[in-house]
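Undergrad: In my numbering, the protein residues as written are 285 to 550.
We treat Cβ as the ideally placed atom computed from N, Cα and C, and that holds for glycine.
Everything numeric in this text was worked out from a predicted model, so none of it was measured.
Encoded as structure tokens, here's the structure I'll be asking about.
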Ligand code: DGL
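Here it is as structure tokens:
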């Protein structure tokens, strides 16, 4: 099967990596919309338009299954992607499911971009999956540029996280027991966040949960002897290649640049 994955940029490579690790026999095609990143500060209408164009591009390439790896796009565009010829999996439902499934979860925190948090999408999913659970949300917009700079293990990253999450740190009276990393970039910050928040807070990686959530469509499909992996970007191939190697754990990556302008009328 050919699994299509899109994100606003490099962050979705955390989801792609999780998918490749979980399903090594299947081919993947990734689109990073680097010309229009970030989505996290844009309006709902714009994010939906971009998501529809990215989807059209991936369907034109013949993908059998589509993964919306971007939390912001998943927060706003899943309804508008219904009824397509390929199944569509977003990151919010799997992330919320993994958080809600924790036996001890009684207070779930969610961090994400400003747009994801503003959408209320995680709160709706969590309230449906675990009625009565307490939910606290927080936008952490500086986390994305920190990861893009490769600064995830620096004192600056730690200081910024401590500022955003000040009332959830050890010793605070009302901490979440579970924290959803509700943005593509945040799994990269996981070691620092785990250390900062301590072992009592269970961190939920929506990337890994999403890789597991494609099982119903892939479970029965035979893998390929030599799966093929292609990476498309809409701009800035050089910076993406560097970050791509880091996030995918590869020595080098080959990129193809695609122009979305012909799809812009959608
Ligand atoms: N991919 C986005 C997300 O998961 C983060 C980067 C952006 O703002 O575009 O929400």
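Just curious, the beta strand (DSSP E) that residue 419 is in, first and last residue?
TA: Its beta strand (DSSP E) spans residues 418–423.
Undergrad: Under 7 Å between the Cβ atoms of residue 312 and residue 513?
TA: It is a contact, given that the beta carbons lie within the stated cut-off.
Undergrad: According to the Cβ coordinates, are residue 525 and residue 298 closer than 7 Å?
TA: Contact flag unset, no.
Undergrad: Is the beta carbon of residue 610 sitting closer than 7 Å to the one on residue 466?
TA: Only positions 285 to 550 of the chain appear in this structure, which leaves residue 610 out of reach.
Undergrad: According to DSSP, what are the bridge partners of residue 516?
TA: 315 and 540, per the DSSP bridge assignment.
Undergrad: Pick helix, strand or coil for residue 472, following the three-state DSSP scheme.
TA: Correct three-state label for residue 472: helix.
Undergrad: Considering just the uninterrupted stretch of the alpha helix (DSSP H) at residue 299, what are its terminal residues?
TA: Its alpha helix (DSSP H) spans residues 297–306.
Undergrad: Measuring straight from C-alpha to C-alpha, what distance separates residue 450 and residue 426?
TA: Rounded to the nearest angstrom, the two C-alpha atoms are 15 Å apart.
Undergrad: Measuring from the CB of residue 331, is there a heavy atom of ligand 1 at a distance below 6 Å?
TA: No - ligand 1 has no heavy atom lying nearer than 6 Å to the Cβ of residue 331.
Undergrad: Does ligand 1 have a heavy atom nearer than 6 Å to the CB of residue 292?
TA: Yes, the beta carbon of residue 292 sits closer than 6 Å to at least one heavy atom of ligand 1.
Undergrad: What residue from 402, 331 and 464 has the CA that sits closest to residue 486's CA?
TA: The shortest C-alpha separation from residue 486 is found at 464.
Undergrad: Write down every uninterrupted run of the beta strand (DSSP E) in the region 394–470 whose length is 3 residues or greater and which is fully enclosed by it, in chain order.
TA: You should have 418–423 and 462–465.
Undergrad: When every heavy atom of ligand 1 is checked, does at least one fall within less than 6 Å of the C-beta of residue 356?
TA: Indeed, a heavy atom of ligand 1 lies less than 6 Å from the Cβ.
Undergrad: Mind checking which residues open and close the beta strand (DSSP E) that includes residue 503?
TA: Residue 503 -> no beta strand (DSSP E), and no H or E assigned at all.
Undergrad: Between the region 358–369 and the region 428–444, can you find at least three pairs of beta-carbon atoms closer than 8 Å?
TA: Contact between the region 428–444 and the region 358–369 is absent, because fewer than three Cβ pairs lie under 8 Å.
Undergrad: Once you ignore the five residues that flank residue 435 on each side, which residues in its own chain have a CB closer than 6 Å to its CB?
TA: Excluding residues within five positions, the ones whose Cβ falls inside 6 Å are 441.
Undergrad: Identify the residues that DSSP records as bridge partners of residue 310: which are they?
TA: Note: residue 310 sits in no beta bridge, so no partner.
Undergrad: Going by DSSP, what residue range makes up the beta strand (DSSP E) through residue 245?
TA: The chain is shown only over 285 to 550; residue 245 falls outside these bounds and no answer can be derived.
Undergrad: Taking the alpha carbon of residue 301 as the reference point, which residue from 489, 368, 505 and 394 has its own alpha carbon closest?
TA: When each option's Cα is compared against that of residue 301, the closest is 489.
Undergrad: How long is the line joining the alpha carbons of residue 510 and residue 304, rounded to whole angstroms?
TA: Answer to the nearest angstrom: the Cα atoms are 13 Å apart.
Undergrad: Where residue 368 and residue 457 are concerned, what is the direct C-alpha to C-alpha distance, given to the nearest angstrom?
TA: The straight-line gap from Cα to Cα measures roughly 47 Å.
Undergrad: Tell me, please, whether the region 398–417 touches the region 517–536 by the rule of three or more beta-carbon pairs shorter than 8 Å.
TA: Verdict: no, contact absent.
Undergrad: Below 8 Å CB to CB, which residues in the same chain sit around residue 518 once its five sequence neighbours on both sides are set aside?
TA: Excluding sequence neighbours, residue 518 sits near 315, 316, 317, 318, 319, 320, 541, 542, 543 and 544.
Undergrad: Ignore the nearest five residues each way along the sequence and tell me which others in residue 448's own chain have a CB closer than 7 Å to its CB.
TA: For residue 448, where only same-chain residues beyond five positions count, the Cβ hits under 7 Å are 422 and 424.
Undergrad: According to DSSP, is residue 531 helix, strand or coil?
TA: Correct three-state label for residue 531: helix.
Undergrad: Mind checking which residues open and close the beta strand (DSSP E) that includes residue 332?
TA: That residue, residue 332, is in no beta strand (DSSP E); its alpha helix (DSSP H) goes 328–344.
Undergrad: What do you get for residue 344, buried or exposed, if any count of 16 or more other CB atoms within 10 angstroms of its CB means buried?
TA: The residue in question, residue 344, is exposed, as its Cβ has fewer than 16 Cβ neighbours within 10 Å.
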